[in-house]
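Input: a single structure, listed below in structure tokens.
Residue numbers (my numbering): 1 to 275.
Following this line, the structure appears as structure tokens:
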């Protein structure tokens, strides 16, 4: 009897060792990659952020200043990057950063340089755009203006961003927040196609209505057509990040984050031509 139980245990162990590994994340095979917007973790420190990203197999983070303050020393920045690297995460950009003066623009560009990224997600006052244009030429950064739907008078949708940047340096474009664009009555899929040359970053979320009364929900529970959106990403050849900016239950967002990432990757798989 003891021998029999031992043999069974050994057999189960050998079978477990021979089981195949999980498949790679769906976006592994795409030009675009799934990331995380730092704002998702506004109420949590970087350690909890990275723990959650590791569990969701997400490897790209847009860094918010509550995780890495603008006045961080070079030593603090190096330690921050080391912490990300230990979890297999790359900080690919900084922001959103609100900029209401030339001094704040100077500070943001120098911060991005010291952090070592080439993308700033920013929200500058309209009258400061000529100065942003100068700084982009000086630093050779991409500058993605984050749109905010009907909640703010600045940059409510992709049309507004485009109308303000189309005659500026081509490195000035937008962070297309598909939820806020939808809440301002726009079609983010059409806007992605229309403004593809100036879409440098994307915030993904779902919303309940194409109005100010619409609010953020887990991806798949709202009105955005994600299969059409993923197909549009491929059609335009988007090579940036689609970063989840989860804005529901922010005191305890973790189940919603996992649901949203899982749904989005499920859509990627379901719409793919890969065998």
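Built from N, CA and C at the ideal position, the CB exists for glycine as well.
Please state whether DSSP places residue 177 in a helix, a strand or coil. Three-state result, residue 177: strand.
query = Name the DSSP beta bridge partners of residue 206, please?
reply = Looking at the DSSP assignment, residue 206 forms a beta bridge with 217.
List in chain order: all unbroken beta strand (DSSP E) runs of 3+ residues lying wholly within the stretch 115-186. Listed in chain order, they are 119-124, 142-146, 172-177.
Task: For residue 267, the first and last residue of its enclosing alpha helix (DSSP H) - done: That run of the alpha helix (DSSP H) goes 254-270.
query: Who are the near neighbours of residue 139 in its chain, counting only those whose CB is closer than 7 Å to its CB and skipping five residues on each side?
result: These residues qualify, in order along the chain: 109, 113.
Checklist entry - Grouping DSSP H, G and I as helix and E and B as strand, with all else coil, what is residue 243? => result Three-state DSSP puts residue 243 in a strand.
* Of all the options 169, 171, 146, which has the alpha carbon lying nearest to the alpha carbon of residue 161? -> In this structure, 146 is the residue among 169, 171, 146 with its C-alpha nearest to the C-alpha of residue 161.
Starting from residue 50, trace the alpha helix (DSSP H) in both directions and tell me its first and last residue.
Segment 46-56, the alpha helix (DSSP H) holding residue 50.
Report task. Starting from residue 33, trace the beta strand (DSSP E) both ways and give me its first and last residue. Result -> Counting along the chain, the beta strand (DSSP E) containing residue 33 begins and ends at 33-37.
| task | Could you name the residues of the same chain whose beta carbon sits closer than 8 Å to that of residue 2, not counting the 5 residues immediately before and after it, in chain order? | result | For residue 2, the predicted model reports a pLDDT of 46, less than 50, meaning its position is unreliable; a value from the coordinates is still stated below. Excluding residues within five positions, none has a Cβ falling inside 8 Å.
Legend entry - Where residue 73 sits in the DSSP three-state scheme: Residue state, collapsed to three classes: coil.
By how many angstroms is the C-alpha of residue 202 removed from the C-alpha of residue 193? Taking the straight line joining both Cα atoms gives about 13 Å.
Report the rounded CA-to-CA distance for residue 235 versus residue 32, giving the unit in angstroms.
Roughly 12 Å between the two C-alpha positions.
>> What does the alpha-carbon distance come out to for the pair residue 27 and residue 266?
In response: Residue 27 and residue 266 have their C-alpha atoms spaced approximately 10 Å apart.
Exposed or buried, which one is residue 86 when buried takes at least 16 other CB atoms within 10 Å? When all chains shown are included, residue 86 counts as exposed.
Nearest neighbour of residue 251, chosen from 20, 169, 43 [CA to CA]: Of 20, 169, 43, the residue nearest in Cα terms is 43.
Helix, strand or coil at residue 233 [DSSP, three-state] | Residue 233 carries a helical assignment under DSSP once its states are collapsed to helix, strand and coil.
Report the three-state DSSP secondary structure of residue 238 (helix, strand or coil).
The DSSP-derived three-state label of residue 238 is coil.
Q. In this structure, does DSSP put residue 358 in helix, strand or coil?
A. Any question about residue 358 goes unanswered here, given that the chain covers just 1 to 275.
Q.
If I measure Cβ to Cβ from residue 39 and keep anything under 7 Å in the same chain, skipping five residues before and after, which residues do I get?
A. Around residue 39: 64, 245.
DSSP state of residue 60 mapped onto helix, strand, coil:
For residue 60, the secondary structure class from DSSP, reduced to helix, strand or coil, is strand.
query = Under the DSSP definition of a beta bridge, which residues are partnered with residue 98?
reply = In DSSP, residue 98 forms a bridge with 123.
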